[in-house]
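Numbering (our numbering), first residue to last: 2 to 96.
We put the CB at the ideal spot given by N, CA and C, even for glycine.
Computed from a predicted structure; not experimentally measured.
Structure first, commentary second.
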Ligand SMILES: CC(C)(COP(=O)(O)OP(=O)(O)OC[C@H]1O[C@@H](n2cnc3c(N)ncnc32)[C@H](O)[C@@H]1OP(=O)(O)O)[C@@H](O)C(=O)NCCC(=O)NCCS
């Protein structure tokens, strides 16, 4: 038996929940790797024009960013780094 769950709003629900939680926890912005066509409806914009990038990553053009508080992107640029970035098997995310 094949269970089809695509197109039933699960991604929308998870994304909205995650963004609400991030905001409730006081985070000022969210950065992710993904398709702009999927994430623009949540307010994400490409990070590269802001000068925000992932060093040594093949996904630099797919980096999306969202300000959760007004002005969070003002004057922000440079490499995404930090020790809380989850590792992925075939991608290097750490700066
Ligand atoms: C992309 C994916 C996460 C969407 O999950 P889903 O549960 O089917 O999505 P939802 O039903 O919540 O749809 C949410 C909205 O996103 C849209 N959408 C879904 N996939 C999309 C895509 N690849 N590009 C643009 N929009 C997309 C839907 O049309 C829907 O639009 P609506 O709000 O106007 O109705 C899922 O199909 C998937 O895992 N695909 C394979 C991997 C993949 O493509 N990942 C992309 C990571 S960037």
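By how many angstroms is the C-alpha of residue 56 removed from the C-alpha of residue 39? 23 Å
Keeping to the same chain, check which residues put their C-beta closer than 6 Å to that of residue 81; ignore five residues upstream and five downstream. 32, 55
Looking at residue 43 and residue 66, is the spacing between their C-beta atoms short of 8 Å? Remark: C-beta atoms of residue 66 and residue 43 do not approach each other more closely than 8 Å.
Taking the C-alpha atoms as reference points, what is the distance between residue 68 and residue 13? Cα-Cα distance, rounded: 18 Å.
Is it the case that the CB of residue 12 approaches a heavy atom of ligand 1 more closely than 7 Å? yes
Run through DSSP, which three-state label would residue 67 get? strand
CB residue 62 to CB residue 49, shorter than 8 Å? For residue 62 and residue 49, yes; Cβs fall inside 8 Å.
Starting from residue 47, follow its DSSP beta bridges and name the residues at the other end. For residue 47, which the question treats as bridged, DSSP gives the partners 65.
Tell whether a beta-carbon distance below 8 Å holds between residue 3 and residue 29. no
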